[in-house]
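In my numbering, the protein residues as written are 1114 to 1455. Backbone N, C-alpha and C define an ideal beta-carbon position, used for all residues, glycine too. All values reported here derive from a predicted model rather than from experimental measurement. What follows is a set of notes on a single structure, which appears directly below.
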Ligand code: AMP
Ligand code: TRP
């Protein structure tokens, strides 16, 4: 079979299921911004259909979707250069997801660690959508024939499943239609940890607000959370090896590195030997310097709701122009009567 050449195209998404955290920013959004440019077409999404796999209050979902859009723009996503939209406005995602529900196997889904974590002990009471979540994610990516997907470390398994779905579809139908997507999991902060517990991921759903930095936190709150972040009593090492078995220290160093566009090794070359009493104020100052302009721009944009809604509507239109022909071809491959003439 000939290898189809796919247009270099980036797709990624974030759930509007709560406020944005520093983990989302450093692990995902900041890297989405870095990938804008001549090398790739870039498509970024607010995945509201994914969010509702667990209960979302309707008013909060609308608010969070707009706030996430404001966050994308404030962080540096240019809606002229990138396609920016919310998932539910492009019905082709859900349509392709149905096809993929019929390609993916129960056993594949059952192995997903995010399913196991989110469903908890009472799997019988989890939504069917939560179980099918990774097939919708594969559809998000493959409805654009996206070749590259920047995400945080926690999404690695879902991207492997996306590759498996593409390969099985291509094999089952004897085509070379869907690309085998490359995960892009890079940078100093692919897994930002909780500020209270270095073994847990920083998450918008953690009950403790002190565990995370929210992109809407003001300067005093950011400084307080960093000051109170859990650490150990030792001084910082001068080399990365010295962070072994020191998850909290490693986390703060990684955050510093990602915020300053450097690496943990470069940071430690500078701050090795310092105590946390000295390092934490440096980190707080850097975090406030980098995050305050984003949070104030988010707040300004949230005052311009109609502007946000227009950006989303325009983005959805541009996204559909790519997605619709790919869905049509998929239907033709599968043998759906009528697909070819639409
Ligand atoms: P979510 O908020 O679950 O929709 O995640 C959106 C994006 O942010 C995904 O690419 C995640 O991998 C990334 N992400 C979420 N939390 C973290 C974290 N603590 N560290 C690094 N990346 C994260
Ligand atoms: N599952 C991702 C998360 O929770 C969000 C997501 C949905 C996504 N669809 C995607 C990420 C497609 C990348 C590509 O983080």
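- Annotation for residue 1439 indicates a beta carbon at 8 Å or more from all heavy atoms of the ligand TRP.
- Its chain contains 1306, 1311 as the residues whose beta carbon lies nearer than 6 Å to that of residue 1364, once the 5 sequence neighbours on both sides are disregarded; these appear in chain order.
- Spanning the alpha carbons of residue 1240 and residue 1320 requires a straight line of approximately 22 Å.
- Using a Cβ distance threshold of 9 Å, residue 1414 and residue 1159 do not count as a contacting pair.
- Short note on residue 1267: C-beta closer than 8 Å to some heavy atom of the ligand AMP.
- Nearest C-alpha to residue 1142 among 1163, 1152, 1171, 1189: 1189.
- The closest CA to that of residue 1369, considering only 1395, 1359, 1354, is found on 1395.
- Your pair residue 1302 and residue 1367 checks out as a contact, with CB atoms roughly 5 Å apart and the cut at 8 Å.
- In this structure, residue 1128 has its CB closer than 8 Å to one or more heavy atoms of the ligand TRP.
- In the DSSP secondary-structure assignment, residue 1306 is bridged to 1314.
- Residue 1273 carries a helical assignment under DSSP once its states are collapsed to helix, strand and coil.
- Straight-line measurement puts the Cα of residue 1432 at about 36 Å from the Cα of residue 1324.
- A direct Cα-to-Cα measurement between residue 1276 and residue 1291 gives close to 9 Å.
- With contacts defined as CB atoms closer than 9 Å, residue 1282 and residue 1213 qualify as a contacting pair.
- At a Cβ-Cβ threshold of 9 Å, residue 1256 and residue 1209 count as neighbours.
- In this structure residue 1280 is exposed. Its beta-carbon is surrounded by fewer than 16 other beta-carbon atoms within 10 angstroms.
- Contact between the region 1121-1132 and the region 1257-1266 is established, with three or more Cβ pairs separated by less than 8 Å.
- Relative to the ligand TRP, the beta carbon of residue 1158 is positioned inside 8 Å of a heavy atom.
- For residue 1158, no alpha helix (DSSP H) encloses it; the enclosing beta strand (DSSP E) starts and ends at 1154-1159.
- Between residue 1207 and residue 1174, the C-beta spacing is not below 9 Å.
- If you look at residue 1408, you'll find it in the alpha helix (DSSP H) that goes 1389-1415.
- The C-beta separation of residue 1399 from residue 1353 comes to about 19 Å, leaving the pair out of contact by the 8 Å criterion.
- Within 8 Å of the C-beta of residue 1125 there is at least one heavy atom belonging to the ligand TRP.
- Sixteen is the threshold: when 16 or more other Cβ atoms of the shown chains lie within 10 Å of the Cβ of residue 1182, as they do, the residue is buried.
- Leaving aside the five residues that flank residue 1271 on each side, the residues in its chain whose CB is nearer than 6 Å to its CB run, in chain order, 1247, 1250.
- The beta carbon of residue 1329 is closer than 7 Å to those of 1132, 1408, 1411 in its chain, skipping five residues each way along the sequence.
- Contiguous beta strand (DSSP E) elements confined to the region 1223-1274 occur at 1261-1263, taking only those with 3 or more residues.
- Annotation: residue 1455 to residue 1186 spans about 35 Å, alpha carbon to alpha carbon.
- In the displayed model, residue 1124 falls within a strand according to three-state DSSP.
- Only residues of its own chain outside the window of five on either side were considered, and among them 1278, 1281, 1282 have a CB closer than 6 Å to the CB of residue 1216, listed in chain order.
- Counting only residues of its own chain and dropping the five nearest sequence neighbours on each side, residue 1196 has a CB closer than 6 Å to the CB of 1156, 1428, 1431, 1432.
- DSSP places residue 1295 in the strand class (E or B) of the three-state scheme.
- For residue 1368, the uninterrupted alpha helix (DSSP H) segment begins and ends at 1360-1372.
- Residue 1163 has its Cβ nearer than 8 Å to a heavy atom of the ligand AMP.
- If the five residues before and after residue 1389 are omitted, its C-beta is found closer than 7 Å to the C-beta atoms of 1344, all from its own chain and listed in chain order.
- Beta-bridge partners of residue 1283 (DSSP): none assigned.
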